[in-house]
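Read in order, the letters of the sequence shown are residues 3 to 186 in the numbering used here.
For every residue, glycine included, the Cβ atom is placed at its ideal position computed from N, Cα and C.
Bear in mind the structure is a predicted one, so any value in this text is a computation, not a measurement.
Below: one structure, written as structure tokens.
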Amino acid sequence: MKQRKFLTRYEIDAILSEAKKGRYSERDYCMLLMCFIHGFRVSELCRLSLKDIDLNSKVLYVRRLKGGLSTTQPLVEKEYNALNEWLNIRRHWREADSPWVFLSQKNGAISRQQVYGLIKTYGKKAGVSIDAHPHMLRHSCGYALADLGRDTRLIQDYLGHRNISHTVIYTASNVKRFYHIWDI
């Protein structure tokens, strides 16, 4: 059997809880939360710019890669609070004048490798039974939205998929869509 490609909501919550205990807790928590909420690819997350965020309107411009459709998405309250907390701390970091939202302590934007290492470490500390990696947060976003009963076309737009065949995996395997099928 293949290893599953997503994390459950319980596993995501456990990883986020561990991120809150990390050395750079505000950055790591905010980064992983946003990665899950917006279904970021790791490169999209690393390239997230301060110019992409409008805190006054509580929106975020999600610049999709791989030919995906970029969109403007709302910031949810928990994410908005985490982002404000991180940005206040970020001002005191060495590279505070950098355009990137998530910084490395070494220099500039956080790297893909750093994000991989962080989620793997937090996943192990959280007791997640599979090796966690950043793309799992993207898949988890799709499955979570399907679990909430969101329309497949809406999920397609939200994740920036040009082809709906990339989106139906989230709704096709969702057991919740069959609940109440025999209710009359």
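When C48, R65, Y82 are compared, the shortest CA-CA separation from S59 is found for Y82. When secondary structure is reduced to three states using DSSP, V130 falls in the coil class, being assigned neither helix nor strand. About 15 Å separates the CB atoms of I39 and I121; that is not less than 8 Å, and the two are not in contact. The beta carbon of R65 lies closer than 6 Å to those of S72 in the same chain, with the five residues before and after it left out.
Judged by DSSP secondary structure, Y63 falls within the beta strand (DSSP E) whose first and last residues are 61 to 64.
Residue burial annotation: T74 is exposed, with fewer than 16 other C-beta atoms found within 10 angstroms of its C-beta.
The three-state reading of DSSP puts T10 in coil, since its state is none of H, G, I, E or B.
Contact check between the segment 144 to 151 and the segment 43 to 53: fewer than three CB pairs, one atom from each, fall below 8 Å, which does not count as touching.
Contact between the segment 5 to 14 and the segment 103 to 116 is absent, with fewer than three C-beta pairs closer than 8 Å. Annotated as distal: G41 and G125, with beta-carbon spacing of 8 Å or more.
Bounds of the alpha helix (DSSP H) holding P136 are 136 to 149.
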